[in-house]
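A.B. asks:
Residue numbers (the numbering used here), protein chains in the order written: chain A, 8 to 194; chain B, 12 to 75.
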């Protein structure tokens, strides 16, 4: 079985056990066998340290042979090249955003709804401010992902720190830098 | 400063869950032989467990 980890561009020194299969201007990083999800994730994170652009593949893409891999990748090639160019030189920084619920008089429904609305506006503010610092962003419920240039990760983390201070009602937790998982699928 | 060093300084509380969640839920979807089980546990079931864990974690953070 061939297990597909990620697509990369640029020259890449691969760990033992991994191979690059070239497709046009990019390469598919594959390995033999059937790794566990955690192994898959760790391989992708290591690729982030050595490749110019990494597009992680969702766990579960396995092929019987190179021909099957090639026929699955060929129709996606143009999209993959575009996405790789989009994430080139960038990493993903995850930010979990949670509002600390201030106690509200339980009998006052309007006050409760106002408090929720204020929280929502604060979360929207933070997302807008961080999205302005990033090349791209995605947001779902309490978690957002930001595509940030490798060189700007420290500055981005400082921006999160400042927002944490200016929004005392929110808890913000930075995670990463990750491979750009949230920006890998075609928009 | 390498990405690894940055990762260590930036990430205050990177959990295993975050990584596995990404690996299973995000990334390019390439249709191959889709794996339906991880270590003899159905991925659907694993997905449910992850969702429960994520929700519980958020709840803890909200109550802190």
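Backbone N, C-alpha and C fix where the C-beta goes; we use that ideal spot for every residue, glycine too. It should be emphasised that the depicted structure is a prediction, and the values quoted were computed from it without experimental measurement.
Roughly how many angstroms lie between the CA atoms of residue 53 of chain A and residue 9 of chain A, to the nearest whole one?
C.D. replies: Stepping through the first chain from its first residue, residue 53 of chain A is reached at position 46. Stepping through the first chain from its first residue, residue 9 of chain A is reached at position 2. Taking the straight line from one Cα to the other gives about 19 Å.
A.B. asks: Any beta carbon of chain B sitting closer than 7 Å to that of residue 113 of chain A?
C.D. replies: Walking along the first chain from the start, residue 113 of chain A turns up at place 106. Output row for residue 113 of chain A: interface = no.
A.B. asks: Check each residue of the stretch 171-186 of chain A: if its Cβ is closer than 7 Å to any Cβ of chain B, include it; give the result in chain order.
C.D. replies: Against chain B - using a Cβ distance shorter than 7 Å - the residues of the stretch 171-186 of chain A are 178, 180, 181, 182, 183, 184 and 185.
A.B. asks: Apart from the five residues on each side of it in sequence, which residues of its chain come closer than 7 Å, Cβ to Cβ, to residue 30 of chain A?
C.D. replies: One-based indexing of the first chain puts residue 30 of chain A at position 23. The residues are 80 and 84.
A.B. asks: Just to make sure I have the definition right: I need the residues of chain B whose C-beta is within less than 9 Å of the C-beta of residue 45 of chain A. Which are they?
C.D. replies: Counting from one through the first chain, the residue named residue 45 of chain A turns up at place 38. Those are 27, 30, 31 and 34, listed as they occur along chain B.
A.B. asks: Just to check my reading of the structure: residue 16 of chain A and residue 91 of chain A have Cβ atoms closer than 8 Å, yes? What is that Cβ distance to the nearest angstrom?
C.D. replies: As a working mapping, residue 16 of chain A is identified with position 9 in the first chain. As a working mapping, residue 91 of chain A is identified with position 84 in the first chain. Residue 16 of chain A to residue 91 of chain A, Cβ: 5 Å. Contact.
A.B. asks: Taking the alpha-carbon positions, what's the residue 131 of chain A to residue 181 of chain A distance?
C.D. replies: By one-based count along the first chain, residue 131 of chain A stands at place 124. By one-based count along the first chain, residue 181 of chain A stands at place 174. Computed Cα separation, rounded: 17 Å.
A.B. asks: Does DSSP put residue 76 of chain B in a helix, a strand or coil?
C.D. replies: Residue numbering for chain B in the displayed model covers 12 to 75; residue 76 of chain B lies beyond these limits and cannot be assessed.
A.B. asks: Tell me, please, whether the CB atom of residue 189 of chain A is closer than 7 Å to any CB atom in chain B?
C.D. replies: Looking up residue 189 of chain A in the first chain gives position 182. Judged by the 7 Å Cβ criterion, residue 189 of chain A is in contact with chain B.
A.B. asks: Is the beta carbon of residue 63 of chain A closer than 7 Å to that of residue 191 of chain A?
C.D. replies: As a position in the first chain, residue 191 of chain A is number 184, starting the count at 1. As a position in the first chain, residue 63 of chain A is number 56, starting the count at 1. A contact, by the Cβ cut-off of 7 Å.
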